[in-house]
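Read the structure below first, then the notes.
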Amino acid sequence: MPDNHLETLLLYAAGELTPGKAAEFETHLASCEECRIGLQTAQKAHEWAKIAEEEPSPELFAAVLSRSEKHRTRTIFGKNPFRWGIAMTTAAALAVALLILRPARQESYRETTLPMPRPPELENKVQPPENAQETENLNRTGRKNEIQIPHVVTFEYPRPFRHVRRTDSIDIPRISRSYRLNLMRPSLQRAGFQPEGIAGKQPFKSRAFIRPSDQKAPGNDS
Amino acid sequence: METDDELILRCGANPEAFRELVRRYQGKIYGFLVNMAGHNAVDDLFQEMWLRVFKTGARYEPRGKASSWLFQIARNVAINHLTRHGRVAGQVTEEIPEVVSDPAPEPPETMETGELKTRVKTALAKLPFDQREVFLLREMGGLSFKDIAEELDIPLGTALSRMNYALKKLRTLLGSEYA
C-alpha cells in the first residue's frame, strides 16, 4: 500500500477528507484489500482507546474540586485567608481612630460679624432724618436708626487635633464659633472686653477680643 | 445543556461548571495521563492538569474543539512530568509506563472485558512514546491530525505516519481476535 494511501486512509477514517476525496477513496477501497484491512484497524482504534480509558477514584475527583476551590479562595483573599480579615480589622480601627482624632475644620480667616453695641458718644444723640423712612422711625421710636458700625471679628482657628482653645484664660468649649461668641459675649463685655473695632475704627483681622488694658479710648484714633 | 466551550469559560468562576467539566472528561483525561505517564504520578498530574484548566479557562478562545484544548493541556502536563524525571529526551524515548491491572477480582462475566482491557493497555504501553502520543491524542483526545501536527510541531505526514505505525503494531500485539 503506497504511503499516500495510508495517509488518505487515516484521514478518511478520521472524517477529515473533503467529500470529493472521500468519494474517490471509497472507489479505491472497493478494489484494495490492504486498504480495507487498514481501514478496519483504524476504525477499531477508537474502540481500543475507549477500552484504555480509566475512571479516577471518587477521592481524586473530590481532591480536584477541593484544590480548585482552594485556589479560588487564594485568588480572592490572597495566600493567607486570615490576611483579608486582618486587613479589614486594621482598616476599621484606622477609620475609627481618624474619626475620633479628625482635624478641626480649617477656617483660619472665617469672619464673623457681631451685632454692635451702641457707642456711648452716640447715645441719646439724634441726628436729623435724611429721608421719609428715617423720619417715620424717628417719630415712632424717638431715635434715629441704629448706627451700624461695620465690624469684623476674626478667629485664629486652632491647629488640627487641638479642640480646646484658650483665649484670655477663658475655656472655649467645642461648639460652633458663632454660637460660642454669642454665648460669651455678655460675660466678656461685663469683664471689660470689647469686640475689636467698636470705636468705629476700620475693621482689621485680628483676634476676636482684646484685653481691657489694650483697649483704646473710644474715638481716640491716635 | 451547556457546551464544553461554555463550561471551560465559566469554570474559573463557577464551581458547578468546573465540576460538570471534570465529570465529562475525567475518564478520557485520566486514561490519557495513565497511558502517557504511568500510574505512579497520574493522580498528581490529573490534579495539576485540572488546576491549569481552572486557572486558564477564562482566557480560553473557542476556536477548535474544546476536547483538543483540554488534551493539549493534559499532554503538556505529562510531558513536563516526564521531562523532569528524565524520561523524555526529545520525545522519542520508548519508556513504557507500567501497566497495573485492576487489583479487585473480577466476576466471571466481566473477565473477558477485563482481559481485553489489560491487553489493550499492555499493547499501548509497548508502543514507542511518539507513536503512543499520536494515537492517544487522536483516538482519546479527538484531535484532528492537523491539530496533532501543530501541537507536536511536526509535519502532517509525520503525524499520519506515526499513527499508521502505531495501528500496525497494535494490530500485531492484540492479535486477530481483537482486531
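First to last, the protein sequences are chains A and B.
Residue numbers for the first sequence follow our numbering, so the first one is 285 and each next one is one higher.
Residue numbers for the second sequence follow our numbering, so the first one is 40 and each next one is one higher.
From the three backbone atoms N, C-alpha and C, an ideal C-beta is built for every residue, glycine too.
Within the same chain, show all residues whose beta-carbon is closer than 6 Å to that of A56 (chain B), passing over the 5 residues directly before and after it, in chain order.
-> L46, R49 and C50
Interface residues of the region 331 to 348 of chain A facing chain B [CB-CB below 7 Å] = W332, A333, I335, A336, E337, E338, E339, P340, L344, F345, A347 and V348
Answer yes or no: does any C-beta atom of chain A fall closer than 8 Å to that of M179 (chain B)?
-> yes
Which chain A residues sit within Cβ distance under 8 Å of S107 (chain B)?
-> Ordered by position in chain A, no residue passes the 8 Å Cβ test against S107 (chain B), which lies about 13 Å from the chain.
Residues in its own chain within less than 7 Å of K104 (chain B) by CB, not counting five upstream and five downstream?
-> G181
Can you tell me whether P340 (chain A) is buried or exposed, with buried defined as 16 or more other CB within 10 angstroms of its CB?
-> buried
If contact means a Cβ-Cβ distance below 7 Å, which residues of the region 287 to 321 of chain A contact chain B?
-> L290, E291, L294, L295, A298 and E300
In chain B, which residues lie less than 8 Å from T325 (chain A) when you measure between Cβ atoms?
-> L206, K207, L209, R210 and A218
Beta carbon of A336 (chain A) nearer than 8 Å to that of K160 (chain B) = yes
Q111 (chain B) touches chain A at which residues, Cβ-Cβ below 9 Å?
-> Here the premise fails: no neighbours, minimum Cβ distance about 17 Å.
Cβ of K165 (chain B) less than 8 Å from any chain A Cβ?
-> no
For Y99 (chain B), I'd like the list of residues in its chain whose CB is within less than 7 Å of its CB, leaving aside the five on either flank, ordered along the chain.
-> I47, L48 and W108
Separation of K185 (chain B) from L313 (chain A), as counted between CA atoms = 23 Å
Contacts around P101 (chain B), its chain only, beta-carbon distance under 8 Å, and the 5 residues preceding and following it disregarded | D44, I47 and L48
For A297 (chain A), collect the residues of the same chain with a Cβ closer than 7 Å to its Cβ; drop the 5 residues on either side in sequence, then sort them by chain order.
-> L323, A326 and Q327
Contiguous alpha helix (DSSP H) assignments of at least 4 residues, all confined to the region 57 to 104 of chain B = 81 to 95
By Cβ distance, which residues of its chain are closer than 7 Å to A76 (chain B), with the 5 residues on each side in sequence left out?
-> L84, A117, H120, L121 and P136
Contiguous alpha helix (DSSP H) assignments of at least 4 residues, all confined to the region 330 to 357 of chain A = none
Test: R367 (chain A) CB closer than 8 Å to a CB of chain B | no
Counting Cβ pairs closer than 8 Å, one from the region 165 to 174 of chain B and one from the region 340 to 359 of chain A, do we hit at least three?
-> no
Start and end residues, alpha helix (DSSP H) containing R210 (chain B) | L195 to L213
With 8 Å as the threshold, decide whether the Cβ of A277 (chain A) is near any Cβ in chain B.
-> Outside the displayed range of chain A (285 to 506) lies residue 277 (chain A), so it cannot be described from this structure.
Look up C319 (chain A) in the DSSP assignment and say whether it is helix, strand or coil.
-> helix
Who are the near neighbours of A205 (chain B) in its chain, counting only those whose CB is closer than 6 Å to its CB and skipping five residues on each side?
-> L166, Q170 and F174
Indicate whether L213 (chain B) and A162 (chain B) have their beta-carbon atoms separated by less than 8 Å.
-> yes
Whole-angstrom Cβ separation of Q111 (chain B) and E178 (chain B), contact assumed at under 8 Å?
-> Contact doesn't hold; Cβ gap of about 15 Å is too wide.
Expected contact under 8 Å - CB spacing of L225 (chain A) and N203 (chain B) to nearest Å | With chain A covering only 285 through 506, there is no way to say anything about residue 225 (chain A).
H124 (chain B): which of B:L90, B:N79 and B:E87 sits nearest, CA to CA?
-> B:N79
Please report how far the alpha carbon of I68 (chain B) lies from the alpha carbon of T197 (chain B), in whole angstroms.
-> 24 Å
Flag R351 (chain A) as yes if its beta-carbon sits less than 8 Å from any beta-carbon of chain B, otherwise no.
-> yes
Return helix, strand or coil for A52 (chain B), following the three-state DSSP convention.
-> coil
Would you mind working out which of A:F309, A:W332, A:G304 and A:P342 sits nearest K208 (chain B), comparing C-alpha positions?
-> A:W332
Cα separation between A52 (chain B) and A346 (chain A)?
-> 18 Å
Members of the region 57 to 77 of chain B that neighbour chain A once the beta carbon cut-off is set at 7 Å | F57, R58, V61, Q65, G66, K67, Y69, G70, V73 and N74
For the alpha helix (DSSP H) containing P303 (chain A), list its first residue and its last residue.
-> P303 to L313
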